[in-house]
Every structure is written in structure tokens, then in C-alpha cells.
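Peer 1: Read in order, the letters of the sequence shown are residues -21 to -1, 1 to 613 in mature numbering (1 follows the signal peptide of the UniProt record, and there is no 0). Don't be surprised by glycine CBs; every beta carbon is placed ideally from N, CA and C.
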Amino acid sequence: MLVSRLALLGVFFAASSSVFAGEQSDRATFKTLSAKIKAGKSAEISTLREYKLFPYLEYQLISKRPSLYSTQTLEQFVRENSDSPLSKQMSETLMSRYNEEQQWGQTFTLYQDGDSLKAECLQLRARIELGDKKNALADGKKVWMSGRDRPKQCDPLFKHLVDNKQISYEDYWQRIKLAMNRGATSLAKSLSKKLNASDRALANIWIGARSNPRDSLKKSAMKRDSAHTRDIVEYAIKRIARKDTDEARVYLQAALRKYNFDSAQQAEINRYIGVSDAKDHKPHALTTLASVPAQFRDQDANEWLARIALRQGSWTTLLDAVNAMSTEEQDDSSWKYWKARALEATNRQAEARPLYQSLTENASFYGFLAADKLGQPYRMLAKPTPQIENYIPALLKQPGIQRAFELLALDMKKEARAEWFFALKDRNPTQLMAAAKLAQDRGHHFTAILTLSRAKAWNEVGLRFPMPYESMIRKAAVEQNVSPALIYGVARRESAFDPNIVSHAKAQGLMQLIPGTAKQVSRGLGIKRLSKKQTFDPQTNIRLGAAYLETLLKRFNGNYALATASYNAGPHRMPRWRPDYPLEAARWVESIPYNETRNYVQAVLGYMTIYEYKLKRSESMVTRLSKRLEPITP
């Protein structure tokens, strides 16, 4: 009997080994063929017809030279791959073909709401030919009226707009303004060719104001007062304010004597200067922003009025700023918390308590601070994960899910993500959580975390905060005398535990270290020559990140808010951001001028609280967040 069992076991392992070898062979062949197609060489792809990712080779071949393939071939690809995002991508090529062939009905049928801008333009062109001319031209003008360049597929549609006199002379000026406000000077230059000679010269002054705003205001063409010169003056003063708000004020006062600005435009310039001052923590920013009528303050202005009021302890102004926000904006956890604090500070505790209480339902920075205010436990830390395992077998059978895992095995992350979310597009939150669990169980933590975000499962602590690399993190924590919960919090925020990730700023690995910082820290760890391979090695990257955190904590006397802000934005920025007087850490964090760094500090310190619970397995052993946040001193 034992021999028989061993024989069966041997057959099982032999079969598993054979399957694994086959997968590896298919992957190697796929890579070779894909590289050949990319290089424009001939590639016989039929040998991989049974491979999960065969459609990707087909798509690559067709996309390389679509003109070689018939309309029927494109239609067949779209039809046979309807369960893949490749179908949507090929649909754009097919819609272009239909338009070339004047098959307008086919274009219209293929288009779906939410398709790309290219597809939308093709569909609008078809609608014109199908008799819906008036509505299609109106919708087409909305596409045209943008400060961004539009894809070439929109050109035939835009020609119809021009031919049907849908774009006026002033429309060109309006679009130039949109382009300049986005910094799209090339687009503005192109549009200016539609203006007469004198107006084109004026537009060129505007374009020049981006790099040299002071000179632009001295041009002779700027002597006359018109809507266009006022727009240019507004733009130039804002450009000056980016570096020197005091100088911008001088230019504004001179402009007010020369140009007939209406109240809205004057308020807009003051709003911009006030926000710039608030980001630099200048005391008079409060007066400047508060002087801007509420109807002329946008969300950004209201937020910065609230932040400068918060930093200066002007609780009444803070309340006014928050109350001027939309209902949706007021419901954001940060403004809900600070509104409660302002109510409490103005002796309206009964109104503050319900706001604090609602925040305690969130496992987050402000949720924990609200619980501290009420003296309540962090209940969300112990929230059990719902029963979701029953959904996993059905997910595993989905071809799209299978393709996503195969793409991940080939490190084709962008394509894998597209397949994954295409397969999950109609799933409910519980099914999305099950998919996240599936990805997490296979070690794809980044994908799992993104999936939970789609499900808006913010309080699923068990799933959202996995604990990979635990032994490495604990070892680095002991070696560098840094809390393992902090290392986990940083890694979770920086990379979502993708060890191979590289940011737009070239930060690398789990702890997202800039190469220069990594090399500097590595020398202190006795690593003579840090190689690229070492930088991405999880154990080395964690050691480097932990060592850097330890350096920052020492530099800032153990202040977690300053250390985490420095990890994200660089320690050189802290002197400019620090207050002239001792300031509560939570108030300082909310007034950090960079959105990314502010959100980063709040996230990491919230995550640190969660990981401390997960590491210690007891809420009673978790440091209260308000206790961890030490005041920020000059």
C-alpha cells in the first residue's frame, strides 16, 4: 500500500513539474516573440495559440501595422476578446477604420460611454453623418474647448466645427486662456495663428509672460485696457506671485490704477496671492484670504484659509472657512475633525461630539485622533474580516483573472492591472474584497490594496494592511532601534509592498529610496558598493529605509511628524515649514504646504498605529496617536 501511495505521489509531482516546465517554456517563448514583433521582425506566433496570453501577441502584431489587416480581422479580434481590455483598445482602431470606410452606423454602435477621447471624437463625427448634426456639433465644441491638446482623431470633427461656423473669434481667445492656465504654451501659440496680426502679437506677449512676466507688463500693446490685456495682467501677476507675493501686490496696486478690473477678477488675483502666502505660512495670509468674498473663494482658497486660521489658532475664521465649503468637502475627515475642534474651542462641545463620534468609525489618522478626544478605544482595529472565501473559486475560473496572474508572472504590471480590473468591473464590494484576498494570498499585495480601494473598503484592516517581510522588518527595527510599526507604515505607503516599484522621482524598492540617499545610508551600514540589484533586494532595501528613518528621528529628536515629513519631502524643507512658536503636531501636519507630504504624514502615522496593533496583538499596548504626536518647536 505504501509503495502504491508513493508511486501515486511520484506521478503527482512529475505532472506538477511538467506543468511548471511548460509554463516556463511558454513564458520564455512569449517574451522572445514579443521582442521580435516590437523590433519589427517576423514572428510565427501560432505555436502559442493555446497559451493564455496569445491574444497579446495577436494584438501586438495587428497594432504594429493595422493597415495590413482587414476590417473583418479587426472585428473578429474585438469579438473573440470581448472579456479583455484588449478588445476595448482594438475597438479604437476598428472605429478609425469604420470612419475611413464611412461606416458611420458601425462606429456609433461600437462606441460606449466612458470610452477614450479618441473614440468619442470618432463617434461624434459619425453622429454628424447620421443626422444628429446639431447635438453632435455642440458636444464636439465641448471637446474642442480645452486647455489640453486633443488627439489627431478629433481633427475631422474639429474641421466640421469650423466649416459650420461653430467656433467664433472669441472662442479662440477663450481656449488660449485655458491653455495658458495649464501651461500649454505650444497649444496657445498654435491657436494664436487664428487671430489677426495685432491680437496675435498680444497673444505672444501672454505666452512670453510665462517665463518673463515683468517684461510682458511693459510692452506697448499692454497700454490699452481690454478684456484680453486684463487677462494677461492677471496671468503675469500670478506668475510673479509664485516667487514673491509682496512684489505681486505692488504690481496689482499699479494695475488697479490702470485697468478696469471687475470685482471677480480682482478677487481672483487676491485669492491666488493669499493662497501662495498661506502655503508659505505668512501671517498676513489670513487677512488676505478672509478679505476675498466667499462667492469668489474656490475649494483651494477655503482650505488654505482654514489651514492658516488653524495654524494661527483663529478658530472662528476656521469655522467660517469650513462652513463655506460644499457639503461633500465638509464631510472629508480632515475638515470634519477640525470643525469639531473649532466648535470645541468656541464652547460648542455639544455640536462637536457627534462629529468626533462619526470619525471614530474610521481606522485613520483623524479617526484615531477623534477617538482620543472622546477617550474611546480604537474599535476599528479589531474589526473582523467578512466571510469572502466562498467567492474565490468562481474568480479563479475567470479567464481575465487567469490572464492577470500570468501577466504579473511576466512582470507586465500595467497590462495585468488592466486585465484585473476589467474582469472585476461589475463586481460588488464583497466580491472585490474576495478578489483582494485572492491577490494577497498569491503575494500580489499592491494589486490587493488597489482592489480594496476600488471597493472603498477603507476599514478592512485585516486585508488592507498585510504583513509581508515580517522577519526582515523586525530584524531591521532591532538593528536600527526603530519601531517595526513605523517601518511597516512607511513601506505600506511608499510601495504597497511591491519590491520592484520605481517612482517618477526614481525612488526604488519597498522603502522607495532615492539612489543618492540609498548610497549615502549604505556606507553607514558597511556596504561598500551598493548595486542596483541590492537596492531592490527586500532585505537590503528594508535595512536602508530603517537606517534612514533612524537618522531622521535622531535629527528631529524623535519627532515622528517631522521625521516622516522629511522622509517624503526631504529634511532640507523642515526649517522653512517649522513654526516660530511651539505648535500642536496635528495642526502643523495639516498646514504642510505640499498636498502629497501632508497626506503622506497622516497616512504613515495612521498606518503605524494599525501595524503596532497587528504586531502586538493587543489594543491596550498600542500608543495613542495623540501621545505619539509631540509638538513642533521652532
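Among the residues of its own chain, which have a CB less than 8 Å from the CB of leucine 27, if the five just before and after it don't count?
Peer 2: Closer than 8 Å at Cβ, skipping near neighbours: Asp5, Thr8, Phe9, Leu12, Phe33 and Leu36.
Peer 1: Methionine 451 lies in the alpha helix (DSSP H); which residues open and close that run?
Peer 2: 449 to 459 is the span of the alpha helix (DSSP H), which, as asked, contains methionine 451.
Peer 1: Would you decide whether leucine 109 is buried or exposed? Buried here means 16 or more other CB atoms lie within 10 Å of its CB.
Peer 2: Exposed, because fewer than 16 other Cβ atoms sit within 10 Å of the Cβ of leucine 109.
Peer 1: Go ahead and label serine 147 buried or exposed: buried means 16 or more other beta carbons lie within 10 angstroms of its beta carbon, across all protein chains shown.
Peer 2: Flag for serine 147 reads exposed.
Peer 1: Sorted by chain position, which residues of the same chain lie with C-beta nearer than 6 Å to isoleucine 571's C-beta, five sequence neighbours on each side aside?
Peer 2: Cβ within range, chain order: Arg577.
Peer 1: State the start and end residues of the unbroken alpha helix (DSSP H) segment that holds glutamine 419.
Peer 2: Counting along the chain, the alpha helix (DSSP H) containing glutamine 419 begins and ends at 408 to 420.
Peer 1: Flag this pair as yes or no: are the beta carbons of leucine 116 and glutamine 145 separated by less than 8 Å?
Peer 2: Going by C-beta atoms, leucine 116 is nearer than 8 Å to glutamine 145.
Peer 1: In angstroms with no decimal places, state the Cα-to-Cα distance between tryptophan 317 and arginine 203.
Peer 2: Going from the Cα of tryptophan 317 to the Cα of arginine 203 covers about 47 Å.
Peer 1: Since I believe glutamate 247 is in contact with phenylalanine 275 (beta carbons under 8 Å), could you give me their beta-carbon distance rounded to a whole number of angstroms?
Peer 2: The Cβ separation is near 7 Å, so the contact holds.
Peer 1: Can you tell me which of Lys67, Ile41, Leu73 and Gln39 puts its alpha carbon nearest to the alpha carbon of threonine 50?
Peer 2: Minimum Cα distance to threonine 50 is reached at Leu73.
Peer 1: Among residues of its own chain, excluding the 5 on either side of asparagine 191, which ones have a beta-carbon nearer than 6 Å to its beta-carbon?
Peer 2: For asparagine 191, where only same-chain residues beyond five positions count, there are no Cβ hits under 6 Å.
Peer 1: How many Å lie between alanine 98 and serine 46 at the Cα?
Peer 2: Alanine 98 and serine 46: Cα-Cα distance of roughly 18 Å.
Peer 1: Thinking C-beta only, is alanine 158 closer than 8 Å to alanine 182?
Peer 2: Cβ distance not < 8 Å, so alanine 182 and alanine 158 don't count as in contact.
Peer 1: Give a yes or no on whether the C-beta atoms belonging to glutamate 323 and alanine 331 are separated by under 8 Å.
Peer 2: Going by C-beta atoms, glutamate 323 is nearer than 8 Å to alanine 331.
Peer 1: Suppose you measure from the CA of tyrosine 560 to the CA of glutamine 244; what does that come to, to the nearest Å?
Peer 2: Roughly 36 Å separates the two Cα atoms.
Peer 1: With distances taken between CB atoms, is the gap from isoleucine 466 to alanine 525 smaller than 8 Å?
Peer 2: Yes, the pair counts as a contact, with Cβ atoms nearer than the cut-off.
Peer 1: Can you tell me where the alpha helix (DSSP H) with lysine 498 in it begins and where it stops?
Peer 2: Residues 494 to 503.
Peer 1: State the start and end residues of the unbroken alpha helix (DSSP H) segment that holds tryptophan 556.
Peer 2: Tryptophan 556 -> alpha helix (DSSP H) spans 553 to 556.
Peer 1: Touch check for the region 206 to 213 and the region 222 to 242: three-plus C-beta pairs under 8 Å?
Peer 2: Output reads yes: the region 222 to 242 touches the region 206 to 213.
Peer 1: Under three-state DSSP, which class holds leucine 562?
Peer 2: Strand at leucine 562.
Peer 1: Go ahead and pull the three-state DSSP assignment for valine 481.
Peer 2: Strand, per DSSP.
Peer 1: Thinking C-beta only, is alanine 349 closer than 8 Å to tyrosine 335?
Peer 2: Cβ atoms of tyrosine 335 and alanine 349: closer than 8 Å.
Peer 1: Going by DSSP, what residues sit across from glutamine 487 in a beta bridge?
Peer 2: Glutamine 487 is bridged to Val481 and Leu492.
Peer 1: Excluding the 5 residues flanking tyrosine 77 on each side, which residues of the same chain have their C-beta closer than 6 Å to its C-beta?
Peer 2: The answer, listed in chain order, is Gln85 and Thr86.
Peer 1: Alpha carbon to alpha carbon, how far is glycine 162 from lysine 156?
Peer 2: The alpha-carbon atoms of glycine 162 and lysine 156 are separated by roughly 10 Å.
Peer 1: Taking just the CA atoms, how far does histidine 483 sit from tryptophan 283?
Peer 2: When rounded, the distance between both Cα atoms is 27 Å.
Peer 1: Can you determine whether any heavy atom of the ligand FAD sits closer than 7 Å to the C-beta of serine 125, and answer yes or no?
Peer 2: Ligands displayed in this structure: none; no statement on the ligand FAD is therefore possible.
Peer 1: Determine the direct distance from the alpha carbon of glutamine 153 to that of glutamate 208, and round the result to whole angstroms.
Peer 2: Residue identity differs from the one stated: residue 208 is threonine in this sequence, not glutamate. Approximately 13 Å, taken between the alpha carbons.
Peer 1: Below 8 Å CB to CB, which residues in the same chain sit around lysine 198 once its five sequence neighbours on both sides are set aside?
Peer 2: Closer than 8 Å at the Cβ level, and outside the excluded window around lysine 198, lie Ile184.
Peer 1: Report, in whole angstroms, the separation of the C-beta atoms of serine 501 and leucine 489, which I expect to be a contact under 8 Å.
Peer 2: Contact flag wrong, Cβ pair sits at about 15 Å.
Peer 1: Which term fits alanine 206, buried or exposed, when burial requires 16 or more other beta carbons within 10 angstroms of its beta carbon?
Peer 2: Classification of alanine 206: exposed, given that the 10 Å Cβ count is below 16.
Peer 1: In the DSSP output, what is isoleucine 184 paired with across the bridge?
Peer 2: None; isoleucine 184 has no bridge partner.
Peer 1: Give the straight-line distance between the Cα atoms of glycine 93 and glycine 346, rounded to the nearest whole angstrom.
Peer 2: Approximately 35 Å between the Cα atoms of the pair.
Peer 1: Using C-beta distances below 6 Å, list every residue in its chain close to alanine 544, excluding the 5 sequence neighbours before and after it, in chain order.
Peer 2: Same-chain partners within the cutoff: Thr576 and Val580.
Peer 1: Tell me the rounded alpha-carbon separation between lysine 15 and serine 25.
Peer 2: If you take the alpha carbons of lysine 15 and serine 25, they lie about 14 Å apart.
Peer 1: Using DSSP with H/G/I as helix, E/B as strand and the rest coil, what is isoleucine 571?
Peer 2: Three-state DSSP puts isoleucine 571 in coil, outside helix and strand.
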